[in-house]
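These notes are about the structure you will find just below.
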Amino acid sequence: MPQPLLRQAAGWLLCLLLMMPMHSALADWQAEQASTLLGTDSEARLAVLRQWVANGEPFAEAVLKALSEDALLIGAQRPLRKEGGHLVDLLSGQAVADTAMHTESVTINNRLRREVQASLALLRLFASNRAERLAAASALQSRATPAMVPVLERAVQQEKDPEISALLHLGLALAQLGSSDAQQRLQAVIALGESATPVTKATLSRLLLPGAEMDKTVLRQVESSLQQVNRRLLFGEAIASLFSGLSLGSILLLTALGLAITYGVMGILNMAHGELLMIGAYTTYAVQTLFRTHWPQWLDGYLFVAIPAAFAMAALVGMLLERTVIRWLYGRPLETLLATWGLSLILIQAVRLLFGAQNVEVANPSWMSGGVTLLPGVVLPWNRIIISLLALAVLALTWSLLNRTRLGLFVRAVTQNRPMAACVGVPTSRIDTLAFGLGSGIAGLGGVAISQIANVGPDMGQGYIVDSFLVVVLGGVGQLAGAVWAALGLGITAKLLEGWVGAVIAKILLLVFIIVFIQRRPQGLFVLKGRQTES
Numbered sequence: 002m003p004q005p006l007l008r009q010a011a012g013w014l015l016c017l018l019l020m021m022p023m024h025s026a027l028a029d030w031q032a033e034q035a036s037t038l039l040g041t042d043s044e045a046r047l048a049v050l051r052q053w054v055a056n057g058e059p060f061a062e063a064v065l066k067a068l069s070e071d072a073l074l075i076g077a078q079r080p081l082r083k084e085g086g087h088l089v090d091l092l093s094g095q096a097v098a099d100t101a102m103h104t105e106s107v108t109i110n111n112r113l114r115r116e117v118q119a120s121l122a123l124l125r126l127f128a129s130n131r132a133e134r135l136a137a138a139s140a141l142q143s144r145a146t147p148a149m150v151p152v153l154e155r156a157v158q159q160e161k162d163p164e165i166s167a168l169l170h171l172g173l174a175l176a177q178l179g180s181s182d183a184q185q186r187l188q189a190v191i192a193l194g195e196s197a198t199p200v201t202k203a204t205l206s207r208l209l210l211p212g213a214e215m216d217k218t219v220l221r222q223v224e225s226s227l228q229q230v231n232r233r234l235l236f237g238e239a240i241a242s243l244f245s246g247l248s249l250g251s252i253l254l255l256t257a258l259g260l261a262i263t264y265g266v267m268g269i270l271n272m273a274h275g276e277l278l279m280i281g282a283y284t285t286y287a288v289q290t291l292f293r294t295h296w297p298q299w300l301d302g303y304l305f306v307a308i309p310a311a312f313a314m315a316a317l318v319g320m321l322l323e324r325t326v327i328r329w330l331y332g333r334p335l336e337t338l339l340a341t342w343g344l345s346l347i348l349i350q351a352v353r354l355l356f357g358a359q360n361v362e363v364a365n366p367s368w369m370s371g372g373v374t375l376l377p378g379v380v381l382p383w384n385r386i387i388i389s390l391l392a393l394a395v396l397a398l399t400w401s402l403l404n405r406t407r408l409g410l411f412v413r414a415v416t417q418n419r420p421m422a423a424c425v426g427v428p429t430s431r432i433d434t435l436a437f438g439l440g441s442g443i444a445g446l447g448g449v450a451i452s453q454i455a456n457v458g459p460d461m462g463q464g465y466i467v468d469s470f471l472v473v474v475l476g477g478v479g480q481l482a483g484a485v486w487a488a489l490g491l492g493i494t495a496k497l498l499e500g501w502v503g504a505v506i507a508k509i510l511l512l513v514f515i516i517v518f519i520q521r522r523p524q525g526l527f528v529l530k531g532r533q534t535e536s
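Note that the sequence shown covers residues 2 to 536 in our numbering.
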């Protein structure tokens, strides 16, 4: 035989000799596991499942998934499942040629089912997809057991993502709490003290129950770690309340900014202002429906069209109301109050006839879903962040319009001294209409913001009209700066008080404060400057 062929044959022979014992042992092992799975010994079956996960067997996920779906079969001592009318070998992933093979179903009880679900979550810690690993690490926070420690240690060593790694360290510490080694439990308690989640707080609190932990050193550390967790949780709650207050203040600002303009320029108590918010919200719904029907591929961009559409629609309705009803009632506050209240009822009924009496769904675009994780357990939703940015943008544009344009100059002149402004040629009637349209359009933008976080219905504006008037009166009539500070102050104060005394008592306390404040300072936070204050 030629020398090259001889060397090649020797190489193949050596490979076969090395593989034969391994193949035989693998076949024996598989047969043993198959017999155990078909048996009734729950502890032995649990040991098999845990061994698969601990060893990282390549077939483990497929077999466990079949078990969780009650679809695992055993035939010829191999795990199988039925797919599309034929059997599939879960070890090789290939279809079984012998369709007449005798098979037996593997049944599991609730205890084994829970173990299978936990094992699948553990196996997903090694998935290539980050989102899948993150979801698995998050799920393990409430089901970590001492049996998971070897797998979690291996996952911690392999994980490179900081967020997932932090969750894995936390899960590992929770699992180590069940260890029989007091030193290991002590290290786990120390690690838990560095976290700030309700799960760790509840876990540490349970360890302080009588008989839960017998080692005094570990108990002292539990008390110390629990104090650290409580401090972090309180700080996180304060941050969350502050952000919720800023978010509520942004919405109050959008709802009250237009009212501050109309009330400041014309002195009109517009009880239909809340319905202008409703018009903006329903315009958003109409634009979303239009995109969903005709341009579904651009649905995520509907908000960029809804914002100018809501402003235009609310402004047109506002100018129509001013031209037809409100302008004939200047200087008659009681009649204006009653007339605008009647207009609000007409607008509500018109929306009910057009869209129905039930609430309608306005979904957030996909880019507004989720949030920013500031601290463990403290997530700032993207929709509220974007609403706050929208409020800032509207405020900046309104300030620029009132202070950097000819229209703004006329509006400020009419606000400060209407007779003098008319004497120098300012068309006060036209300015009234444009100012009312501007205030109504800003209210429409407030409706766009509210539609992203609350229900949209015919009566939605009724819940904001009182708060809008409170912001305007507290801030000072006709003062944008006053409206800003009043809206943010009321929003933050309301959320902080709600955490202590509840929503109803918080509302009462705020109302009492505003009444006392107005009694002491009738002009509000900011005094209106100009000739009007001198007369």
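Ideal Cβ positions, reconstructed from N, Cα and C, are used throughout, including at glycine.
Helix, strand or coil at residue i [DSSP, three-state]
i, result
"Asp433", "helix"
"Leu381", "strand"
"Ile308", "helix"
"His87", "strand"
"Gly302", "helix"
"Arg324", "helix"
"Thr146", "coil"
"Pro59", "coil"
"Val373", "strand"
"Ile519", "helix"
"Ile75", "strand"
"Leu1", "No answer is possible for residue 1: the residues shown for the chain start at 2 and end at 536."
"Val152", "helix"
"Val538", "Here the chain has residues from 2 to 536 only, and residue 538 is not among them."
"Val427", "coil"
"Lys508", "helix"
"Trp296", "coil"
"Lys66", "helix"
"Gly40", "coil"
"Leu253", "helix"
"Lys496", "helix"
"Val48", "According to the sequence as given, residue 48 is Ala; it is not Val. In the structure shown, Ala48 sits in a helix (DSSP, three-state: H, G or I)."
Cβ-Cβ separation, residue j to residue i (assumed contact under 8 Å), whole Å
i, j, result
"Leu475", "Gly250", "In fact, because the Cβ distance is near 12 Å, the residues do not count as touching under 8 Å."
"Ala167", "Leu178", "That pair is no contact at about 18 Å."
"Val457", "Tyr283", "7 Å"
"Ser452", "Tyr286", "7 Å"
"Ile280", "Gly448", "6 Å"
"Gly246", "Leu497", "7 Å"
"Ala273", "Leu344", "4 Å"
"His87", "Ala77", "With 8 Å as the limit, His87 and Ala77 do not qualify as a contact, their Cβ atoms being about 15 Å apart."
Other residues of its chain near residue i: CB distance less than 8 Å, five sequence neighbours each side excluded
i, result
"Arg324", "Thr434"
"Thr218", "Ala183 and Leu187"
"Glu224", "Leu209"
"Ala207", "Reading off the sequence, residue 207 comes out as Arg, not Ala. Ala213."
Assigned exposure category for residue i - 16 Cβ within 10 Å defines buried
i, result
"Glu105", "exposed"
"Glu116", "buried"
"Asn110", "exposed"
"Pro459", "buried"
"Asp468", "buried"
"Ser248", "buried"
"Trp53", "buried"
"Gln34", "buried"
"Gly172", "buried"
"Ser370", "exposed"
"Ile516", "exposed"
"Arg186", "buried"
"Gln289", "buried"
"Met314", "buried"
"Leu512", "exposed"
"Ala358", "exposed"
"Ala554", "No statement about residue 554 is possible, as the shown extent of the chain runs from 2 to 536 and does not include it."
"Pro199", "exposed"
"Arg385", "buried"
Cβ neighbours of residue i in the same chain (closer than 6 Å, five flanking residues each side left out)
i, result
"Ala380", "Residue identity check: residue 380 is Val in the sequence provided, not Ala. Gly372 and Thr374, listed in sequence order."
"Val473", "Ala257, Leu260, Ala261 and Tyr264"
"Ala137", "Ala122, Arg125 and Leu126"
"Ala10", "In this prediction, Ala10 has a pLDDT of 44, which is less than 50 and means its spatial position is unreliable; what the coordinates show is noted afterwards. Cβ within range, chain order: n/a, list empty."
Other residues of its chain near residue i: CB distance less than 7 Å, five sequence neighbours each side excluded
i, result
"Thr399", "Leu258, Ile443 and Leu481"
"Phe312", "Gly442, Gly445 and Leu446"
"Thr429", "Val415, Arg419, Ala422 and Ala423"
### Within the region 170-249, ranges of the alpha helix (DSSP H) (whole runs, at least 4 residues)
183-193 and 199-208
### Start-end ranges of the beta strand (DSSP E) lying completely within the region 85-139, minimum 3 residues
87-90
### Query
Which ranges would you report for the alpha helix (DSSP H) in the region 375-425 if only whole runs of at least 4 residues count?
383-405, 407-417 and 419-424
### Task
For the region 457-487, list the alpha helix (DSSP H) runs that are entirely contained and at least 4 residues long, ordered along the chain.
463-476
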